[in-house]
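Report on one structure; see the data block that follows.
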Amino acid sequence: MTSHFNREYLLLQERLLTLFGVVEQMINDATRALCNRETERVANVKARDRRVNNEEVLIEEECLKILALYQPAAAALRQITAILKVNADLERIADLAGNIAERAIGLQDYPYFPVPDQLPMLAREATEMVRKALNAFVDQNLKLAKQVILDDVSVDRLKCEIITDLKKIMVTDRDFVEPALNCFSASKHFERIADHAENIAEDVIYMISGEIIRHRHGRYSVEVDQDVAP
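Following the numbering used here, the numbering of the sequence shown begins with 10 at its first residue and continues without gaps.
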């Protein structure tokens with residue numbers, strides 16, 4: 010590919026990283042709104058969501074322009090395709106952060122409701138998966154992309170622990186059913202953020218190797234585990 014293509018590709022990478030910075034702040038604000046009752050942060054999440062939506066469209070338009078102008082093939086085509094997919098995943102993650110912020114509003118009337126300790130841990134794990142996936146994308150790091158897929162096990166474990174705790178709360182105190190359900194929904198949203206991180210990791214693997222691993226996690230996770238073992 011030409012130097013013009015390479016330059017435009019690097020600019021798109023930079024825009025994706027900037028977009029991730031906004032999305033990451035949305036997750037952080039939504040988490041603090043939910044776990045620390047800092048509901049004033051909800052407005053920040055909503056404002057950033059509009060910015061993410063606008064930028065997602067602009068990045069997609071730029072990708073389509075590059076595809077039409079340079080008609081890339083092979084590895085270059087996979088690079089632009091990956092940007093399109095990562096861009097879409099980041100926009101969906103932003104939407105999930107907005108949903109989590111909404112769940113925080115549902116806790117306002119329950120100041121004594123005990124938010125499970127694992128919830129902020131789940132938020133950190135999911136956010137770190139997205140960060141690793143983006144780093145794998147920028148550095149074209151196949152091993153790191155595979156590690157993201159393995160990290161999902163920890164997210165699933167935390168979510169199950171949260172659900173178990175919330176069920177106990179609902180059984181022992183019926184007044185806490187509504188806030189418990191809000192936390193349950195939030196935990197599902199964090200799990201979905203982790204799922205999108207996995208999607209990004211899958212796209213990185215395809216971009217680097219040309220291998221499509223979607224729908225193969227049962228078998229592929231064993232292969233990944235062997236690949237990333239020290």
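Glycine included, every Cβ here is placed at the ideal spot set by N, Cα and C.
Among 23, 70, 102, which has the Cα closest to the Cα of residue 3? Only positions 10 to 239 of the chain appear in the structure, and residue 3 is not among them; the question remains open.
Check residue 162 in the structure and name its three-state DSSP category. Annotated three-state conformation of residue 162 is helix, per DSSP.
In or out: residue 196 buried (at least 16 other Cβ within 10 Å) or exposed? By the C-beta density criterion, residue 196 is buried, having at least 16 other C-beta atoms within 10 angstroms.
Mind checking residue 231: buried by the 16 CB within 10 Å criterion, or exposed? Residue placement at residue 231 is flagged as unreliable, the pLDDT there being 45, under the threshold of 50; the coordinate-derived value follows with that caveat. With fewer than 16 other Cβ atoms within 10 Å, it is exposed.
Residue 180 vs residue 91 beta-carbon contact at 8 Å: One thing to note: residue 180 has its Cβ no nearer than 8 Å to the Cβ of residue 91.
Flag this pair as yes or no: are the beta carbons of residue 167 and residue 116 separated by less than 8 Å? Inclusion of residue 167 and residue 116 in the CB contact set at 8 Å is not warranted, their separation being larger than that value.
Would you call the CB atoms of residue 113 and residue 43 closer than 8 Å? Using a Cβ distance threshold of 8 Å, residue 113 and residue 43 count as a contacting pair.
Option nearest residue 173 by Cα separation, candidates 189, 21, 147: Distance check between residue 173 and each of 189, 21, 147 places 189 closest, using alpha-carbon atoms only.
Does the contact criterion of 3 or more C-beta pairs under 8 Å hold for the stretch 123 to 140 versus the stretch 58 to 75? Touching, no.
Rounded to whole angstroms, how far is the Cβ of residue 171 from the Cβ of residue 105, which I believe are closer than 8 Å? No, residue 171 and residue 105 are not in contact; Cβ-Cβ is about 16 Å, not under 8 Å.
Which listed residue (110, 149, 158) has its alpha carbon closest to that of residue 47: Taking only the C-alpha atoms, the option nearest residue 47 is 110.
Taking C-alpha atoms, which residue in 51, 29, 218, 28 lies nearest to residue 38? Comparing C-alpha distances from residue 38 to each of 51, 29, 218, 28 shows the shortest one belongs to 51.
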